[in-house]
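Protein chains in written order, with my numbering: chain A, 87 to 588; chain B, 2 to 1035. Note that beta-carbon positions come from the ideal geometry of N, C-alpha and C, so glycine has one too. Input: a single structure, listed below in structure tokens.
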């Protein structure tokens, strides 16, 4: 009996030894994820990969380093604001034109290239996927449109960027060189031209809202052409998007009758938004992954809210959650818009409310008291589920909207002619303004007021060649500050060269 | 069957030691030199389980059963002696030889070795060193006692772990630098050793050099700490109780500006920046002392430990139970710790061949923590930054009826008055007393079970086979309630929530060894062959949070409320198993204990590496020469022992993330499609693959000697050079590659060089016995290579908008502080104009008097980011400790001093981006005009010079300190009294802990651990405690 139990022990021990000695013992395979070589096998996996490419659209207004707040900060309509002179070195540096390669936030570069990497990977895998040909063509069209849009942002922001169309590997990643802007634009045009012919004119809004349509691709295409001074080609694309000014276009686009309705959170995917960045509170975003791929909240909202906002009892001021005081409007912009019908929807005049004792707040850095009302955090949007309430606002933000394409088409037409006049008039008429003679000057003024705070102004000034004059007082240096410095990390050990002047 | 019976009767056996025929033997036990009686020594009838303890005059008496004839005499610090007694002997007087240190054995990993023939650098700590330290966690008791080990508290939060670095920084990253803990043969992660009860520990051995640590191959690069718990001894039945109670308070508080001073400085700051006066009148009184509000000057702590041990010729056991409770000194309501522990260790001689042994430790821990201890809302950070003009509680009804108090769910005290909310200092800063109210009812808990069992067979006299299984099963989790609250505009909730998480993990290992020991004449040979399998991280966890409970107090909160699915969140995860498979071997050889040799080789396979490099081989060799055993050596009183030893070895480190070598496609790249805001999960490759990922290797050369001088001074000196090559870390690949997580690569090399010194001294002057133990170590850490993808690596420590404040580059210590260098303050415009480049252009044209003069380190005539330079190391260059023991008759006295230095501390207590944050009183000596200060710049809200906004040496302070860590005075009752209550020893003691710290550091505590040492953003300081206790032995 006694010996027997020892024998069992020894046998058990030996069994475990033999188990441990097999070659497989130290092989642990990953679970909850897939190996790259096995993925992209069917339509479901391809769709998931496509969503991964869409993910980067979030950059427009998601995360602290988002396109809208950054691009606003460097324009003449806004300052960076925030809590102090050091609250966000990158956004402050762009606002006062001290941006350099060290403080340039890398994510404006990296995030777009992440989208491009995912697009390149998907495009390289797609031919071997078993799925319906039409569905595959649509995925390919969407992927190319997204890749084009990401390159468009990169070339506008950094001008001299590497043009990468295949996934890189450890072997070739340090031999990449920058392409000329012309090469990049040529690829963008190629991708868009191929996409436009396969994308559907409309999508089912309840399930697919946000997926790219032919109209969205054409709007991007028109914009891309406009930035290259290809006015006629641009106008042709825009014309298909815009249709008869003031009416519903062939894709169903139509100006909202009430300008302020665009900034109502629940008005997602309205008839004016051609391409928008979607947000939701359902992601329970939290500080730990703020601004990452899994963060689905709108960060712009909390950023532009006033700090420590409060109202006395009986106040007429709106009930707002507090924010961080970024992107306050400049006095110059306030003066330009103060008598415009769009003033109230655009500017939250906390200065006046505070002076009248209707509300109180702690002034942030470079405070003017004029807050960006289009994107203010709303009390009704405060999160009632998990995650940090600051990070779970859910307002969608427009990337391209119809009034934008109207004005871009008018610009592409050289700012003259009956159609340009009609396009300008339609934008003005919507807010009850009378017609004025169309001209580049009129179009520029209209764009400034219509699209204020939506992140377009800096690019517009650069495109028009007005940046050096309008931004001189901010420290803008011509032939340098038109583009960002390339982040330092990109130059280390690579063949990339810094942009001139940095 | 027999086995379980043995276990069953274990606790009762000692009572049944009745012999049939016996004879009484008695005698007196004395010191061989002094002839003094030895009190409390053990006398044992070998093989019978019968024993006794000598009394106050050294006398003893025993009943020796027939058939037994050998008595064993033992006493701490003396060589054990066996006496064979004749059948007729009735009186046996014996004397023992003192100072038998050379026969001391130490644990070396998979076995023990005589200290005299050890060739590696191993430091050990014994029970007697530990039993006087009232530590909650075992790491603390190593501090200052082992040369070459740098230890710093992560937080003064009770139960909080410490950061331990053996011989410097071995690799990059925080967790990868933790040493390997092996508790009775079971590998336990560094965070998991909190379950150990300190008084259960028999010894701790620290394997410092590669030559001794190589036996743990893969994971030994950062050093190995072996902990052996107590076992019962044959014939020695012992019941021991140790209990203490005490009170803790902060060792020091900061002096902050009072309300009037604050108002004056804030006005000055605002107007200097072109703003308006913030306070029309600066007569604000003294205002609120926030520190006083959060510190507890009488935080209680107590501990009870009871152990029973004993054994007979067949079985021995050790059973203990402990209870420990400690309140924190900061926000005590939400800072306390409680641990219950239990241990059962036993050994059984099944037959002449087989021995079975086991250890089992269990503990339950419950900890309440203050939450964030950083600059984003930490309690201390709030106490330092909040303005003194805000009241703790608003008692003025007029004010309490205005916004924000009237319109928000503010937190109120018992009287219904709202806690004050600052209108000047916003962001994450919040009234700490109100904050405490919002965290009540939240706690973390952990249950740990760690044990092992072995079966050992002495197959022949020379060959022993041993199989051992170790397990760790741990459960941990937390419960937290967050009410609806409004602490400030930026710290508020709109709904309550109640969450809990539960996690579990199972680790096991199996080790089989064959040991062969043989003496061939003058040649002694010991060979060990072994095989091991290690599996960790079998487990996972779940968590759930309910929102909008129909109650708003933690006392009423329950998971039984019926909460709709839309107001619940859940999360869960599986752990990724980590597996290691090993073969190892060790050869020890010595010739007459004169020439010593140890060779170790270990081969490990790890699941964390790619197919191309799954296995690694780690060899080591060490040699020793005991001069004093040479024939030519004339024994003398000056030098009684001298051993010179040296070794070289290679060890590994696989503390990297799982699947670092694979390119996987994972979820989490999500986007929201459709009108209803539904998130669609997107998939993407996360990284590039690297199938060639290889072992990081740490090679180490060690030379040292051990000496005994004058018969009472021991000296142990080691010099080492540790080089880590192919350090594994995420590679900084260009962003245009487009992967969201960087692949892991072997990208850097680092070197640690140092000197270690351990001293022991013992002397008796009359009836006064003095002993002293000292340790000193010096360390130089330097990065020697960074792969070509970067000239530097962005550091791991950051501060708000400054970003990284450390940087890793060749020629510098790992994570060296990096920033601008100041060169005084411009006193006037002339100095600004005079500070010019060669062509006369002012270097800081926009500076104003009172601004810092930045050093133009690259001499390009302008101050840019490129002028940042290295400003010092976060890791202490030297550490030391000194214990002095005195005893006289029944009194004993101990003082333990410990310290570190040569490092810098980043003093980031004041928030940069909160202009209105309060200042320490050092701001009173700021620059206010020519000649007023050359170190503290002017205050302005428009800090265009970046005086405060830039990372510079302004934020760095000297980290040198020396601390009176422990002072203890004890008194042992004479045995004549204690025996009256049948006790063998009764000792009373009082202890003072962290009594005094000598340092120039201006924060709370210069001892700051963590992934990067010395980053103070509101660090929870260690407490000063006064303790009274009693030890009783039966």
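If you check each beta-carbon in the region 271-297 of chain A against every beta-carbon of chain B, the ones closer than 8 Å belong to 291, 292, 293, 294, 295, 296, 297.
Taking 8 Å as the threshold, the shortest C-beta distance from residue 464/B to chain A does not fall below it. By the CB criterion at 8 Å, residue 169/B and residue 780/B fall inside the cutoff. When the beta-carbon positions are compared, residue 296/A and residue 364/A come within less than 8 Å of each other. Remark: C-beta atoms of residue 730/B and residue 280/B do not approach each other more closely than 8 Å. Taking a cut-off of 8 Å on C-beta distances, the region 370-388 of chain A does not touch the region 417-436 of chain A, as fewer than three cross pairs fall below it. Around the beta carbon of residue 982/B, fewer than 16 other beta carbons sit within 10 angstroms, so the residue counts as exposed. With contact defined as three or more Cβ pairs closer than 8 Å, the region 174-188 of chain B and the region 435-454 of chain B are in contact. The Cβ of residue 195/A sits closer than 8 Å to at least one Cβ of chain B.
Within the region 953-997 of chain B, the runs of beta strand (DSSP E) at least 3 residues long that lie entirely inside it are, in chain order, 957-959, 962-973. Of all alpha-carbon atoms in 876/B, 903/B, 914/B, the one lying nearest the alpha-carbon of residue 171/B is that of 876/B.
Contact between the region 112-124 of chain A and the region 665-679 of chain B is present: 3 or more CB-CB pairs across the two stretches fall below 8 Å. Contact of residue 365/A with chain B is assigned, a C-beta pair being separated by under 8 Å.
By the rule that beta-carbons nearer than 8 Å mark a contact, residue 244/A does not touch chain B. The C-beta of residue 181/A comes no closer than 8 Å to any C-beta of chain B.
Interface flag for residue 412/B against chain A is unset, since no Cβ pair is found closer than 8 Å. Any Cβ of chain A closer than 8 Å to the Cβ of residue 580/B would place that residue at the interface, and such an atom is present. Closest option to residue 517/B, judged by alpha-carbon separation, among 584/B, 459/B, 616/B: 459/B. The beta carbon of residue 355/B sits closer than 6 Å to those of 458, all from its chain and outside the five residues before and after it, given in chain order.
Using a Cβ-Cβ cut-off of 7 Å, residue 259/A is close to 734, 735, 738 of chain B, given in chain order.
Judged by DSSP in its simplified three-state form, residue 568/B adopts helix. Residue 200/B and residue 244/B have their C-alpha atoms spaced approximately 11 Å apart.
Proximity of chain A to residue 804/B at the Cβ level (cut-off 7 Å) is accounted for by 175, in chain order. CA-CA distance, residue 171/A to residue 564/A, rounds to 24 Å. Taking CB atoms only, residue 235/A has no neighbour in chain B less than 8 Å away.
The CB of residue 741/B comes closer than 7 Å to the CB of 200, 379 in chain A, given here in chain order.
Taking 9 Å as the cut-off between beta carbons, the residues of the region 119-141 of chain A near chain B are 119, 120, 121, 122, 123, 124, 125, 126, 131, 133, 134, 135, 136, 137, 138, 139, 140, 141, in sequence order. Interface annotation for the region 559-574 of chain B against chain A: 567, 568, 570, criterion Cβ-Cβ distance under 8 Å.
Residue environment for residue 455/B: buried (at least 16 other C-beta atoms within 10 angstroms of its C-beta). Residue 217/A is positioned such that its CB atom lies no closer than 8 Å to that of residue 282/A. Here residue 545/A carries a helix assignment [DSSP, helix/strand/coil]. One alpha carbon belongs to residue 924/B, the other to residue 393/A, and they sit about 27 Å apart.
Going by DSSP, residue 754/B is part of the beta strand (DSSP E) stretching over 745-766.
For the region 194-220 of chain B, the set of residues with a beta-carbon nearer than 8 Å to any beta-carbon of chain A is empty. Restricting attention to 976/B, 997/B, 145/B, the CA atom closest to the CA of residue 965/B is found in 997/B.
At a cut-off of 8 Å between beta carbons, residue 359/B makes no contact with chain A.
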